[in-house]
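Read the structure below first, then the notes.
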């Protein structure tokens with residue numbers, strides 16, 4: 002939970018080297034959690050990791066980049082979507098949804114401006 006709070010408060014201003022080291026530590030913990038399929042972790046630990054995942058993926062790096070751990074967090078979220086604890090299940094679904102929304106490219110909305118007097122789209126040649 003301390004890492005999660007740290008990422009929320011200072012994640013955007015961390016130097017690249019520090020953020021990289023932090024994600025290295027998180028990756029190491031995630032790998033162990035995924036390999037054991039979370040069977041050795043209690044619900045509080047699972048919930049803390051899911052919250053950490055949400056905070057890591059939703060706080061960009063200082064250069065505007067996103068975390069490289071996105072696929073790992075999706076895998077962990079899907080792993081815990083069938084947990085016994087409803088809080089863990091809820092956090093798991095939220096994490097997967099957040100990761101999917103970040104990973105899915107979006108196009109800009111199309112906006113058309115209509116001239117009220119003529120009820121037409123303005124032309125670039127008109128002034």
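Residue numbers (my numbering): 2 to 128.
Backbone N, C-alpha and C fix where the C-beta goes; we use that ideal spot for every residue, glycine too.
| Query | Result |
| --- | --- |
| Option in 82, 106, 105 and 108 with minimal Cα separation from residue 38 | 82 |
| Closest residue to residue 3 among 64, 52, 74 and 98 (Cα-Cα distance) | 52 |
| Beta-carbon proximity check, residue 13 vs residue 60, cutoff 7 Å | yes |
| Residue burial classification, residue 57 (beta-carbon count within 10 angstroms, cutoff 16) | buried |
| Secondary structure of residue 43, DSSP reduced to three states | coil |
| Spatial neighbours of residue 35 in its chain, beta-carbon cut-off 7 Å, leaving aside the 5 residues before and after | 76, 77 and 80 |
| Sequence-distant residues of its chain with Cβ nearer than 7 Å to residue 28 (five each side left out) | 70 and 73 |
| Opening and closing residue of the alpha helix (DSSP H) in which residue 72 lies | 71-80 |
| Per-residue DSSP class, three states only, for residue 66 | coil |
| First through last residue of the alpha helix (DSSP H) which encompasses residue 87 | 87-104 |
| Member of 47, 102 and 106 whose CA lies at the smallest distance from the CA of residue 88 | 47 |
| Bounding residues of the alpha helix (DSSP H) (the contiguous stretch that carries residue 26) | 17-36 |
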